[in-house]
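2 protein chains.
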Amino acid sequence: MKQQASRSILPLDASATKFDVVGIGNAIVDIIATCDDEFLKQHDLPKGHMQLINTEQAEALYQAMGPGIESSGGSAANTMAGLASLGGRAAFIGKVADDQLGEVFRHDLTAAGVSYETAPTAGASGKPTARCLILVTPDGERTMNTYLGASVELGNGEVSQETIAAAGITYLEGYLFDPPEAKAAFFEAARMAADAGRKVALSLSDGFCVDRHRAAFRSLIKGGVDILFANEEEICSLYETTDFDEACRQVSNECRLAALTRGAKGSVIVFEGEMIPVAAEPVSKVVDTTGAGDLYAAGFLYGLTRQLDLETSARLGGLAAAEIISHMGARPAVSLAKLVEDSGLLAA
Amino acid sequence: MKQQASRSILPLDASATKFDVVGIGNAIVDIIATCDDEFLKQHDLPKGHMQLINTEQAEALYQAMGPGIESSGGSAANTMAGLASLGGRAAFIGKVADDQLGEVFRHDLTAAGVSYETAPTAGASGKPTARCLILVTPDGERTMNTYLGASVELGNGEVSQETIAAAGITYLEGYLFDPPEAKAAFFEAARMAADAGRKVALSLSDGFCVDRHRAAFRSLIKGGVDILFANEEEICSLYETTDFDEACRQVSNECRLAALTRGAKGSVIVFEGEMIPVAAEPVSKVVDTTGAGDLYAAGFLYGLTRQLDLETSARLGGLAAAEIISHMGARPAVSLAKLVEDSGLLAA
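Protein chains in written order, with our numbering: chain A, 647 to 994; chain B, 647 to 994.
Pasting the structure below:
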């Protein structure tokens with residue numbers, strides 16, 4: 647195993663925690679269908695992005711789209727499922743309704759080995775479990791349309807000091823900034839983690855999401871984020887620049903450790919002002935990019951919590967991302983631990 | 647287009663009908679997960695077969711199985727989705743509940759281009775939409791565990807003379823013999839089709855299903871089935887023999903046209919005592935055999951309704967089956983019409 651030369655990057659004492667990471671995010675079931683680019687234009691869907699839709703929009707879009715498959719999703723939940731598949735100790739906090747899709751979400755997450763204790767909302771009266779209508783174009787790019795449903799009911803009450811303190815890292819998805827209640831829970835979780843001497847990781851989630859919450863994100867990053875995840879577009883949006891290198895420079899002034907993904911160009915790790923470029927894992931055919939960033943985060947976090955060096959951690963992220971984009975859906979189709987073993991990446 | 651030399655095999659006048667085929671079957675959403683052979687043994691699941699399970703068994707098995715994906719299924723419904731994807735005019739009759747999985751089933755079938763008018767059962771009080779817990783082993787074989795739920799509510803009332811008369815062929819899945827109400831509807835549909843001068847096709851569905859209903863199937867085949875679909879195991883079970891050639895001889899005495907599938911060995915068409923062997927379509931990797939028979943039937947029926955010769959019809963069946971076993975789920979992931987076009991199978 648490639649261990650850190652210096653163990654000081656993120657001092658994480660696994661023996662002191664029950665979980666390596668607890669993820670907090672919107673609890674979503676994905677409904678995935680293929681379409682052509684023309685369909686996206688016709689329905690005014692922002693290609694490659696996530697947009698929020700209301701009940702009426704969700705019904706109309708579902709009506710219009712082709713036959714789908716359903717697969718549990720949600721950004722942070724995908725990351726936790728990936729972490730568990732790698733052999734990490736993962737927990738998740740997020741809200742489903744007491745309905746069939748909620749049951750599917752709960753089953754898939756717990757069957758993946760993730761601890762998931764958040765109670766569902768009361769069924770009949772409230773909103774149904776959140777769903778994301780995902781349209782995949784022939785180039786493998788996904789365009790996401792999220793009906794938040796019951797996931798907006800996640801509030802402070804759901805985030806316990808006990809669970810946060812039980813995990814070495816609290817991982818927050820930026821999408822949580824959209825529902826106001828969840829945003830409050832988000833800040834509460836970050837505070838609890840800091841109080842307990844734990845680390846806070848944040849994923850910026852989506853360029854549009856950064857647009858909506860830029861100031862709040864920047865304040866949080868400066869104030870209390872230990873590990874930042876973003877793709878090229880998100881980090882550029884955060885610093886309102888079109889120059890990736892400039893964005894890297896800016897983030898290095900505000901955050902000790904950032905993992906920035908660039909699709910086929912791999913990723914760049916920014917650590918204490920140093921930039922470490924890491925190549926992407928080759929993929930023979932990109933089927934569906936849904937979950938690529940989520941699974942990269944899973945691999946990187948797994949590496950960090952195993953005290954591996956930054957480059958190896960980033961390569962684990964690339965390996966997990968490569969698996970997820972080779973098939974439909976954002977949850978691993980094979981054991982990632984086995985994939986890592988077969989890759990020889992962690993061989994002495 | 648390869649047209650029949652003689653048009654007498656099944657005189658079908660497309661201009662006289664609204665649909666080429668109406669399929670009647672259990673309306674089921676598949677929940678598909680991978681497992682190893684050991685899991686099947688531990689849970690006493692009959693590999694490669696379909697077994698019926700009750701509510702408690704369904705809950706226990708779902709609890710035990712790994713993360714899944716959901717995909718609309720049901721044997722006859724899969725065949726109708728395949729027929730529509732090939733460009734055929736398809737309708738379906740089957741019963742879902744007024745719940746989320748029922749909504750998914752309805753969406754996927756209608757979005758595939760299949761006419762589906764059967765009303766759902768009343769929601770809150772009754773049984774939920776049927777689901778099939780499908781375990782796929784590393785060899786691609788699927789083992790199916792069906793909770794029939796709301797699909798048992800399909801009764802005579804749902805099968806209208808109007809819909810049956812509107813289709814050239816009424817296609818019935820053998821699984822319908824399991825719920826007593828559906829079995830009655832099944833016979834009613836066969837009678838209506840005969841009365842209207844339409845054709846009746848039957849799929850034997852599963853070897854165990856044939857065991858449960860052998861006498862009734864044989865009586866129906868002799869009495870009023872124009873086209874019989876079965877795989878090797880099913881036809882052997884029907885005639886209680888281990889010799890496929892013997893089963894072919896027996897079926898040729900009782901049914902004018904039978905399409906018998908043999909997996910990688912292709913299929914044998916039995917027509918008026920003659921046996922026509924047809925090679926299978928090559929498949930680079932078998933991922934999940936769910937729906938192979940259903941899609942073979944779709945291709946074969948498409949050929950028949952287009953007045954194509956028997957061998958071409960069987961090859962269309964093989965092409966559709968090859969597509970479905972190359973991915974998870976029993977509904978086409980690509981346009982089968984496009985696949986047929988690219989294959990050059992129908993080129994002059």
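Positions of the beta carbon are idealized from the N, C-alpha and C atoms, including for glycine.
It should be emphasised that the depicted structure is a prediction, and the values quoted were computed from it without experimental measurement.
Assign residue i to buried or exposed, taking buried as 16 or more other Cβ atoms, counted over all protein chains shown, within 10 Å of its Cβ.
i	result
Asp889(B)	exposed
Ser761(B)	buried
Ala993(B)	exposed
Glu834(B)	buried
Ala662(A)	exposed
Thr783(A)	buried
Ala673(A)	buried
Lys868(B)	exposed
Ala910(A)	exposed
Gln688(A)	exposed
Lys845(A)	buried
Lys741(B)	buried
Pro826(A)	exposed
Asp988(B)	exposed
Gln709(B)	exposed
Gln649(A)	Residue confidence for Gln649(A) is low, a pLDDT of 49 falling below 50, so the modelled location carries little weight; the figure read from the coordinates is stated next. Under this definition Gln649(A) is an exposed residue.
Thr958(B)	buried
Ala976(B)	buried
For my contact list, residue i and residue j are in at a C-beta cut-off of 8 Å; report their separation, rounded to the angstrom.
i	j	result
Gly919(A)	Ala943(A)	In fact, because the Cβ distance is near 22 Å, the residues do not count as touching under 8 Å.
Ala905(B)	Ala960(B)	6 Å
Gly939(B)	Phe875(B)	7 Å
Val929(A)	Ser913(A)	In fact, because the Cβ distance is near 14 Å, the residues do not count as touching under 8 Å.
Asp872(B)	Ala847(B)	7 Å
Phe751(B)	Gly669(B)	At roughly 13 Å, the Cβ-Cβ gap does not stay under 8 Å, so Phe751(B) and Gly669(B) are not in contact.
His859(B)	Phe823(B)	4 Å
Leu729(A)	Val667(A)	6 Å
Gly786(A)	Val980(A)	That belief does not hold up - the Cβ atoms of Gly786(A) and Val980(A) are roughly 19 Å apart, past 8 Å.
Val805(A)	Ala831(A)	5 Å
Asp723(B)	Gly671(B)	According to the sequence as given, residue 723(B) is Ala; it is not Asp. Confirmed, about 6 Å.
Ala758(A)	Pro713(B)	5 Å
Glu969(B)	Leu950(B)	Wrong, their Cβ atoms sit about 19 Å apart, outside the cutoff.
Glu716(B)	Glu705(A)	Their Cβ separation, rounded to whole angstroms, is 19 Å, which puts Glu716(B) and Glu705(A) out of contact at 8 Å.
Ala736(B)	Phe665(B)	6 Å
Looking at the secondary structure, which residues open and close the beta strand (DSSP E) in which residue i lies?
i	result
Asn790(B)	In the sequence under discussion, the amino acid at residue 790(B) is Met, which differs from the Asn named in the question. Looking at the DSSP string, the run of the beta strand (DSSP E) that includes Met790(B) is Arg788 to Tyr793.
Ser718(A)	Ile715 to Ser718
Asn877(A)	Ile873 to Asn877
Leu906(A)	Leu903 to Thr907
Ala861(A)	First-last for Ala861(A): Gly853 to Gly870, but that is the alpha helix (DSSP H), not the beta strand (DSSP E).
Ala737(A)	Ala736 to Ile739
Assuming residue i is part of the alpha helix (DSSP H), what are its boundary residues?
i	result
Lys845(B)	Lys845(B) -> not in any alpha helix (DSSP H); beta strand (DSSP E) instead, spanning Lys845 to Ser849.
Arg777(A)	First-last for Arg777(A): Ala776 to Val782, but that is the beta strand (DSSP E), not the alpha helix (DSSP H).
Phe826(B)	A quick correction: the sequence has Pro, not Phe, at residue 826(B). Counting along the chain, the alpha helix (DSSP H) containing Pro826(B) begins and ends at Pro826 to Asp841.
Tyr708(A)	Thr701 to Ala710
Leu822(A)	Careful: Leu822(A) lies outside any alpha helix (DSSP H) and carries neither H nor E.
Ala723(B)	Ser721 to Leu732
Ala757(A)	Gln746 to Ala757
Ala893(B)	Phe890 to Glu900
Ala811(B)	Gln807 to Ala811
Chain A contacts from the region 959-977 of chain B (Cβ-Cβ distance under 9 Å): His973, Met974, Gly975 and Arg977
Contacting positions in the region 698-718 of chain B - beta carbon closer than 9 Å to chain A: Tyr708, Gln709, Ala710, Met711, Gly712, Pro713, Gly714, Ile715, Glu716, Ser717 and Ser718
Quick one: which unbroken alpha helix (DSSP H) runs of 4-plus residues sit fully inside the region 668-699 of chain A? Chain order, please. 683-688
Please list, in chain order, the residues of the region 731-746 of chain A that have any C-beta partner in chain B closer than 7 Å. Those would be Asp745 and Gln746, in chain order.
For the region 917-987 of chain B, which segments carrying the alpha helix (DSSP H) assignment without a break, of at least 4 residues, lie completely within its bounds, in sequence order? 938-951 and 956-970
Tell me which residues of the region 745-768 of chain A have at least one Cβ-Cβ distance to chain B shorter than 7 Å, keeping chain order. Asp745, Gln746, Leu747, Val750, His753, Asp754, Ala757 and Ala758
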